[in-house]
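For the sequence shown, full-length UniProt numbering assigns the number 2 to the initial residue and increments by one for each residue that follows.
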Amino acid sequence: SPPAIIAPSILSADFAELGKACSDTIAQGADWLHVDIMDGHFVPNMTFGAPVVTKIRSHVDRPTGAYGKGTFDCHMMISEPKRWVRDFQKAGCDLYCFHYEAAVDSTAADSPAGTSSAKTSPKELIRFIHENGMQAGIAVKPKTSVDVLWDILDNPEEVERPDMVLVMTVEPGFGGQSFMASELPKVTELRKRYPELPIEVDGGLSEKTIDQAADAGANVIVAGSAVFGAADPGDVIKKLREAVDG
Ligand code: DX5
Ligand code: ZN
């Protein structure tokens, strides 16, 4: 697998001190910040949008290259992923990770007049994200088979291929849920086919569950409650990294 990338989810940080939480976490050894964007429609919870990302972005140095330290990894749990690409690029998002389910769901096409159509194919959306200067990630919920990804990952058009796959290890919507080991065969299969692909796992990752995820081949590790709930977040980040890098 590629080297470990530890991406604390700021969903579990103190939202009243979000800028400081971001800079502190990077100083404690985090590689990326995982930024959970929820619209109350794709998932039964709401967080914040591009204006907040703009404000917290200034607390962390921009990455110098793809996948670099300080990457803002925006996990878009939203029904209309195409609609918000430009706003998030302007806000300082580096990696725009949309959900496969939202990109293919025709019921999401009822966007207000004058906005870009919500209905788009994953490969068109990946191209659009790249054209807007961001890396593109594609996420799958627990009920979605990993088989939907092969065509997308094997696309001969490089600009339409994702830079990362996110395998959800909880139902998206809330921090602090239990890790679903049932999702790990997806990671194993992805890693077997794509030895160099960044594979992210998100939900219930901690010192207790990291070994299973690392053994399956995950290298991008999201952890919210395990990092922000710890007395020593830096120590948790270090242990997660060691489990992946061996
Ligand atoms: C859940 C979010 C996660 C969440 C993870 O919908 O996508 O990023 O913050 O939180 P923990 O690590 O506490 O499960
Ligand atoms: Zn997330």
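All C-beta atoms, glycine included, are put in the ideal place defined by N, C-alpha and C. Quantities reported herein were computed from a predicted structural model and do not represent experimental measurements.
Those residues which DSSP pairs with residue i across a bridge
| i | result |
| --- | --- |
| residue 1 | A query on residue 1 cannot be resolved here, the shown segment of the chain reaching from 2 to 247 and no further. |
| residue 167 | 140, 201 |
| residue 34 | 73 |
| residue 39 | 78 |
| residue 135 | Note: residue 135 sits in no beta bridge, so no partner. |
| residue 47 | 40 |
Outcome for residue i when other beta-carbon atoms lying within 10 angstroms are tallied against a minimum of 16
| i | result |
| --- | --- |
| residue 173 | buried |
| residue 187 | buried |
| residue 129 | buried |
| residue 182 | exposed |
| residue 16 | exposed |
| residue 151 | exposed |
| residue 18 | exposed |
| residue 114 | Only weak support is given to the placement of residue 114: the predicted model assigns it a pLDDT of 46, under 50, and the question is left unresolved by the model. |
| residue 245 | buried |
| residue 37 | buried |
| residue 132 | exposed |
| residue 232 | exposed |
| residue 160 | exposed |
Near the ligand ZN: residue i beta-carbon under 8 Å from a heavy atom
| i | result |
| --- | --- |
| residue 10 | yes |
| residue 35 | yes |
| residue 78 | yes |
| residue 15 | no |
| residue 203 | yes |
heavy atom of the ligand DX5 below 8 Å from residue i C-beta
| i | result |
| --- | --- |
| residue 185 | no |
| residue 173 | yes |
| residue 206 | yes |
| residue 178 | yes |
| residue 225 | yes |
| residue 47 | no |
| residue 181 | no |
| residue 135 | no |
| residue 44 | yes |
| residue 165 | no |
Collapsed DSSP secondary structure at residue i in the structure displayed
| i | result |
| --- | --- |
| residue 5 | coil |
| residue 10 | strand |
| residue 97 | strand |
| residue 104 | helix |
| residue 79 | coil |
| residue 119 | Note that residue 119 scores a pLDDT of 48, beneath 50, so its modelled location is shaky; the value from the coordinates is reported in the next line. Residue 119: coil per DSSP, three-state reduction. |
| residue 74 | strand |
| residue 223 | strand |
| residue 62 | coil |
| residue 88 | helix |
| residue 155 | coil |
Residue of the options minimising C-alpha distance to residue i
| i | options | result |
| --- | --- | --- |
| residue 221 | 45, 72, 55, 61 | 72 |
| residue 41 | 189, 151, 79, 191 | 79 |
| residue 24 | 58, 238, 244 | 58 |
| residue 242 | 152, 84, 207 | 207 |
| residue 143 | 179, 8, 121 | 179 |
| residue 175 | 225, 136, 140 | 225 |
| residue 62 | 27, 209, 148, 192 | 27 |
| residue 201 | 214, 193, 228 | 214 |
| residue 81 | 103, 136, 132 | 103 |
| residue 252 | 30, 34, 105 | In the structure displayed, the chain extends from 2 to 247; residue 252 sits before or after that span and is not available. |
| residue 31 | 223, 76, 37 | 223 |
| residue 165 | 93, 75, 209 | 75 |
| residue 92 | 66, 49, 216 | 49 |
| residue 138 | 170, 233, 154 | 154 |
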